[in-house]
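Trainee: In this note's numbering, the protein residues as written are 793 to 919.
(1) Would you report the Cα separation of residue 833 and residue 841, rounded to the nearest angstrom?
(2) If you scan the stretch 798–867 from start to end, which runs of the beta strand (DSSP E) of 3 or more residues do you find wholly inside it?
(3) Assuming residue 810 and residue 878 make a contact with CB atoms under 8 angstroms, what is their CB distance in whole Å?
(4) Check the C-beta distance from residue 888 over to residue 836 and give it rounded, since I have them as a contact under 8 angstroms.
(5) Should residue 838 go down as buried or exposed, given a rule of 16 or more other Cβ atoms within 10 Å for buried?
(6) So residue 845 packs on residue 808, CB below 8 angstroms; how close in whole Å?
(7) Return helix, strand or coil for residue 933, following the three-state DSSP convention.
(8) Buried or exposed: which applies to residue 899, given that a residue is buried once 16 or more other Cβ atoms fall within 10 Å of its Cβ?
(9) In the DSSP output, which residue or residues are listed as bridge partners for residue 795?
(10) Is it true that the stretch 852–867 meets the stretch 818–834, where meeting means three or more beta-carbon pairs spaced less than 8 angstroms apart?
(11) Tell me the rounded alpha-carbon separation between residue 777 and residue 903.
(12) Whole angstroms is fine: what's the gap from residue 973's alpha carbon to residue 906's?
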């Protein structure tokens, strides 16, 4: 299970973590600041740096096992990543902050509409 640091520190822009699992298209870490796709909000993007090499995170998804999958750019040599390695996580902060602001704006807008609102689709440019 991945510790969800984005709940306890939503303004964190970087974090040190340990790789728990390496797959062909994603890595799972012991903890993360990357918010996963869900609740109408897109998953975070950014970078994972291991031993001076940056790996682009193109999406973040919830796994069936309670872990958070950090999806790697296609063609990334995930074979160079190993379980137990220390990683520096850096999210695309301007994108995340735009999502946070849009999320709040959607709640405020929903409170003004005189009918039940069951959800919305959050984006960085429009919602």
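All residues carry an ideal CB built from backbone N, CA and C; glycine is no exception.
Mentor: Working from what's here:
(1) Here residue 833 refers to the residue found at position 41 when the chain shown is read from its first residue. Here residue 841 refers to the residue found at position 49 when the chain shown is read from its first residue. Each residue's alpha carbon lies about 25 angstroms from the other.
(2) 806–814, 818–821, 838–842, 845–854 and 860–864
(3) In the chain shown, counting from the first residue as 1, residue 810 sits at position 18. In the chain shown, counting from the first residue as 1, residue 878 sits at position 86. Yes, residue 810 and residue 878 are in contact; Cβ-Cβ is about 6 angstroms, under 8 angstroms.
(4) For the purposes of this step, residue 888 is identified with residue 96 of the chain shown, where counting begins at 1. For the purposes of this step, residue 836 is identified with residue 44 of the chain shown, where counting begins at 1. So it is a contact: roughly 6 angstroms between Cβ atoms.
(5) Counting from one through the chain shown, the residue named residue 838 turns up at place 46. Under this definition residue 838 is a buried residue.
(6) Residue 845 sits at position 53 when you count from the first residue of the chain shown. Residue 808 sits at position 16 when you count from the first residue of the chain shown. No, residue 845 and residue 808 are not in contact; Cβ-Cβ is about 16 angstroms, not under 8 angstroms.
(7) Absent from the structure is residue 933, since the part of the chain shown begins at 793 and ends at 919.
(8) Counting from one through the chain shown, the residue named residue 899 turns up at place 107. Exposed, because fewer than 16 other Cβ atoms sit within 10 Å of the Cβ of residue 899.
(9) If you number the chain shown from 1, residue 795 lands on position 3. In the DSSP output, where bridge partners are listed per residue, residue 795 has 823.
(10) yes
(11) What the structure shows of the chain is the stretch from 793 to 919, and residue 777 is not part of that stretch, so it cannot be assessed.
(12) Here the chain has residues from 793 to 919 only, and residue 973 is not among them.
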